[in-house]
Each structure stands twice: as structure tokens, then as C-alpha cells.
Amino acid sequence: MMKITKRQLRRIIKEEKRKVLSEDRNRGLYSDTRYEEKVKKALTDMYEIMEQNIVDDGFMREEAEDMAGKAVMEVVKEFMSGMGHLGSTSYTHGDKTW
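Just remember that our numbering sits 1 ahead of the position in the sequence shown, which is counted from 1.
If you want it as C-alpha cells, here you go:
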């Protein structure tokens, strides 16, 4: 069993508290979950429609998932860029990152 000092424990707690508070500020405190759910639903619908259209065009399901994921991320990136946020945006689902 590994032992930690009180000082190390305090530092760990302080770091975790900072992380939690940062996450709350970035989302929880300022977000309206009703809008979050609507956006998630719209993006999910967009992804599923695109994926099916790609499959209907003869691509394999795995290729379609990747292509649809990339396409949805491009829409998100365009939105964020339009809002003045030019940083990279990525999404990970399972073993895939778009």
C-alpha cells in the first residue's frame, strides 16, 4: 500500500477541486440543460441521417460512421469559428476521434 503525506493529500484535493470548479464554470453554471438536450438531439439526428445516406451510397457502415462524424464536427467547427473560437474542436466516441 502506498502512503501519502497530509501535504500531498491537500495538494491532490486542491487540484481536484480546481478541476471540478473549472468544469462547472465552463458548462454547468452557465448552461441551460434544455438547450443542451436540443442541440444534442439535433446533432444526433444529423449524424444518423448522414450516416444512413452514406451507407445508402454504398459505403461500409464503419466508413459511414467515420465520414458522418467528421462532417458533424465540421459543422461544429464552423459554428465555433463563426463565434470567434478558432481553437481545435474534437470529439471522441469509443475508439474514434473526429
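Just so you know, even glycine gets a beta-carbon here, dropped at the ideal spot from N, CA and C.
None of these values were measured; they are calculated from a predicted model.
Distance, Cα to Cα, E66 vs K20?
-> 32 Å
First and last residue of the uninterrupted alpha helix (DSSP H) at S82 = R62 to G83
Alpha carbon of D58 to alpha carbon of E49, nearest angstrom = 14 Å
Using the rule of at least 16 other Cβ atoms within 10 Å of the residue's Cβ for burial, across every protein chain shown, is I55 buried or exposed?
-> buried
When we look at the beta-carbon of A69 and count the other beta-carbons within 10 Å, is it buried (16 or more) or exposed?
-> buried
Note down the Cα distance separating S32 from L44, rounded to an integer number of angstroms.
-> 17 Å
Within 10 angstroms of its Cβ, does M61 collect 16 or more other Cβ (buried), or is it exposed?
-> exposed
Proximity below 8 Å, CB of M47 to CB of V73 | yes
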